[in-house]
Amino acid sequence: MARLTRKSAKRAAPRPLKQGYGSEPGFPISLAMRAGDFVFTSAQGDHEFDPAKVVYDERGLVVSDGNSLPPRSVADETRSTLRNLEKALKQAGCTLDDVVDASVWLRDPRDFHQMNKAYGEFFTRNQPTRSIFRIDFMFDCRVEIKVTAYKPLVRRGRQ
Amino acid sequence: MARLTRKSAKRAAPRPLKQGYGSEPGFPISLAMRAGDFVFTSAQGDHEFDPAKVVYDERGLVVSDGNSLPPRSVADETRSTLRNLEKALKQAGCTLDDVVDASVWLRDPRDFHQMNKAYGEFFTRNQPTRSIFRIDFMFDCRVEIKVTAYKPLVRRGRQ
Amino acid sequence: MARLTRKSAKRAAPRPLKQGYGSEPGFPISLAMRAGDFVFTSAQGDHEFDPAKVVYDERGLVVSDGNSLPPRSVADETRSTLRNLEKALKQAGCTLDDVVDASVWLRDPRDFHQMNKAYGEFFTRNQPTRSIFRIDFMFDCRVEIKVTAYKPLVRRGRQ
């Protein structure tokens with residue numbers, strides 16, 4: 013991540029830092045976005061999505077999103093999801109230690125304890141605020157997570 | 013949008029910039045809110061809401077919110093919704109180009125592809141992060157969107 | 013809340029301000045988190061949660077979360093929820109007046125008007141943006157709310 017000195021800031025255009033990182037084929041999104049001192053991520057799960065193979069039930073809920081992932085516990089899904097977020101944050105110059113706020117969604121409330129325990133392995137001090145709800149996913153997964161990180165760029169001369 | 017020079021900032025009260033814009037009759041909310049370098053919006057859809065005419069089903073879900081809008085595709089709802097957000101952002105001195113993070117909610121997961129395509133028309137580069145879920149709306153609509161924009165006020169003397 | 017003067021900022025480590033406040037037993041979260049000029053809260057409701065006593069229905073929804081709270085109106089739940097958020101914000105040096113964005117979730121859309129009225133008692137001017145959805149809670153409550161506040165630390169020499 014480039015350091016922004018007061019001098020280079022003066023020379024640079026006054027346009028402030030806003031930069032997207034990563035993408036997902038077929039989706040008009042970035043996986044992470046730096047905006048000033050903050051980095052946002054898209055909600056992520058441990059899933060694949062194949063539009064040609066997706067199957068809906070009569071209520072329109074996703075029965076299968078066409079992925080070929082093996083069955084796994086919600087704890088493992090949680091860990092994979094957080095590792096996916098870690099990768100996206102890394103592209104934007106952050107780690108999970110910089111996360112300040114998280115949203116967690118579960119398909120089944122009974123998965124709460126398993127998810128909670130796996131989640132806690134990743135956040136052991138100065139823990140982010142969190143919101144958690146049961147939801148119907150667009151994709152075939154049991155958990156999705158989105159985070160906001162705070163990681164100011166170092167600006168010499170201001171500190 | 014007023015420019016804040018270092019001089020005027022010195023003269024002005026030290027109170028930092030926080031300002032709501034727009035409102036919706038009967039709702040104690042702003043449609044957009046500037047807080048420092050960021051602008052938040054309320055979640056918006058392409059809907060009207062007439063409390064006197066709203067009809068709920070036996071589960072409490074909204075069958076009709078009393079609006080008189082014509083039937084339209086989810087793509088058109090998406091476009092109208094983004095134009096509504098654009099108007100709210102404009103009041104706060106931003107455009108959709110300044111959006112860094114978005115949340116999208118759909119009533120029916122089968123609307124995903126149509127929504128996704130219409131959404132992509134508005135965000136073609138440096139695309140915001142996004143989260144998307146199936147949800148039950150309080151209102152009679154198929155899609156709602158909320159965005160966060162990043163648009164620092166220009167402060168002379170700092171850049 | 014400590015004042016950060018330019019002098020002390022120079023002497024202090026360049027690490028920017030990020031600090032969690034409050035916790036909930038058994039949950040790896042903070043109730044409020046300051047990140048620079050912003051303060052985030054966890055979603056809160058007026059509920060207790062006793063993992064040993066929680067009861068789920070056949071769909072996995074929470075029928076009882078083991079709390080011993082008396083029955084009360086959604087208006088009272090809303091007020092208690094906002095007072096809980098107020099306490100969390102206070103630990104981080106903020107009040108409800110500093111809130112710029114809110115998310116509200118309701119179990120039953122028919123509670124909208126009662127919630128809306130009680131909510132409006134707390135936000136009478138420069139009202140935060142808001143998003144509101146029907147959702148299935150992980151806990152036995154009718155309303156949950158999460159807020160983001162904007163309350164810059166005073167930095168002498170910058171204003």
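Chains as they are written, first to last, in the numbering used here: chain A, 13 to 171; chain B, 13 to 171; chain C, 13 to 171.
By construction, the Cβ of each residue, glycine as well, lies at the ideal position given by its N, Cα and C atoms.
Problem set entry | Min CB distance C/M150 to chain A below 8 Å | yes
Problem set entry | Beta-bridge partners of A/E145, as assigned by DSSP | The displayed chain sequence assigns Phe, not Glu, to residue 145 of chain A. DSSP, once it has assigned bridges, lists A/W117 as partnering A/F145.
For this session: Please classify A/A44: does DSSP put it in a helix, a strand, or coil?
Result: strand
For this session: Would you verify that the beta carbon of A/S143 is, or is not, closer than 8 Å to some beta carbon of chain C?
Result: yes
Problem set entry | Closest Cα partner of A/F39 within the set B/C153, B/A161, B/G132, B/D148 | With distances taken between CA atoms, A/F39 lies nearest to B/G132 out of B/C153, B/A161, B/G132, B/D148.
Problem set entry | Bridge partner(s) assigned by DSSP for C/F52 | C/M45, C/T160
Exercise. If we count the other Cβ atoms within 10 Å of its Cβ and call it buried at 16 or more, is C/R146 buried or exposed?
Worked result: Counting Cβ neighbours within 10 Å, C/R146 comes out buried, since at least 16 surround it.
For this session: Leaving out five residues on either side along the sequence, give the residues of the same chain with a beta carbon under 8 Å from the beta carbon of A/S35.
Result: If we look at A/S35 and ignore the five residues flanking it on each side, its Cβ neighbours are I41, S42, L43.
For this session: Find the residues of chain A that neighbour B/Q139, judging by a C-beta separation of less than 9 Å, and give them in chain order.
Result: Chain A residues near B/Q139: G32, S35, F39, P40, I41, S42, M45.
Exercise. Looking only at its own chain, which residues have a Cβ that is under 8 Å from the Cβ of B/L101, when we skip the five neighbours before and after it?
Worked result: Correct list, in chain order: A44, V51, T53, T107, L108, D110, V111, V159, A161.
Problem set entry | Under 8 Å between C-beta atoms of C/P164 and C/D58 | Result no, Cβ atoms of C/P164 and C/D58 do not sit closer than 8 Å.
Problem set entry | Spatial neighbours of C/K19 in its chain, beta-carbon cut-off 7 Å, leaving aside the 5 residues before and after | Interpretation of C/K19 is limited by its pLDDT of 48, a score under 50 that renders its predicted location unreliable; the figure taken from the coordinates is listed afterwards. So the list is empty, once near-sequence residues are dropped.
Exercise. By Cβ distance below 6 Å, which residues in the same chain neighbour C/D113 in space, the five residues on each side in sequence not counted?
Worked result: P140, T141, T160
Exercise. Which partner residues of A/V155 appear in the DSSP bridge assignment?
Worked result: A/L118
Problem set entry | Helix, strand or coil at C/Q31 according to DSSP, with G and I counted as helix | strand
Problem set entry | Span separating the alpha-carbon of C/M150 from that of B/V166 | 44 Å
For this session: State buried or exposed for C/R23, treating a residue as buried only when at least 16 other CB atoms are found within 10 Å of its CB.
Result: Residue confidence is low: C/R23 scores 48 on pLDDT, short of 50, so the model does not pin down where it sits. No coordinate-derived value is stated.
For this session: Note the first and the last residue of the continuous alpha helix (DSSP H) segment covering C/V86.
Result: 86-103
Problem set entry | First through last residue of the beta strand (DSSP E) which encompasses C/S76 | Membership of C/S76 in the beta strand (DSSP E) is indicated by the continuous run 74-76.
For this session: Round the Cβ separation of C/P121 and B/G72 to the nearest angstrom and send it over; I've been treating them as touching at under 8 Å.
Result: 5 Å
For this session: Kindly indicate which residue of A/A104, A/T90, A/R46 has the alpha-carbon position closest to the one of A/F124.
Result: A/T90
Problem set entry | Which listed residue (A/I144, A/I157, A/R137) has its alpha carbon closest to that of C/Q56 | A/I144
Exercise. How many whole angstroms separate the CB atoms of A/R154 and A/L118, which I take to be in contact at a CB cut-off of 8 Å?
Worked result: 7 Å
For this session: For B/L29, I'd like the list of residues in its chain whose CB is within less than 8 Å of its CB, leaving aside the five on either flank, ordered along the chain.
Result: L16, R46, A47, G48, L165
Exercise. Just reading off the alpha helix (DSSP H) that C/K133 is part of, what are its end residues?
Worked result: Just to set this straight, residue 133 of chain C is Glu in the shown sequence, not Lys. First-last of the alpha helix (DSSP H) with C/E133: 124-134.
Exercise. How about C/N79: is its C-beta nearer than 8 Å to some C-beta of chain B?
Worked result: Chain B, which has no Cβ nearer than 8 Å to the Cβ of C/N79, makes this no.
Exercise. Hey, does A/P83 have any beta-carbon neighbour from chain C nearer than 8 Å?
Worked result: No, A/P83 lies away from the interface with chain C (no Cβ there is under 8 Å from its Cβ).
Exercise. When the Cα atoms are used, what is the spatial distance from B/G78 to B/D152?
Worked result: Cα-Cα distance, rounded: 8 Å.
Exercise. For C/E70, is the classification buried or exposed, using 16 other Cβ atoms within 10 angstroms of its Cβ as the cut-off for buried?
Worked result: C/E70 counts as exposed, since fewer than 16 other C-beta atoms from the protein chains shown sit within 10 angstroms of its C-beta.
Exercise. Taking 8 Å as the CB-CB limit, is B/F52 close to chain A?
Worked result: Not one chain A Cβ lies under 8 Å of B/F52.
Exercise. Which word fits C/V75, buried or exposed, when buried means at least 16 other C-beta atoms lie within 10 angstroms of its C-beta?
Worked result: exposed
Exercise. Going along chain C in order, which residues have a C-beta closer than 8 Å to the C-beta of A/G132?
Worked result: P40
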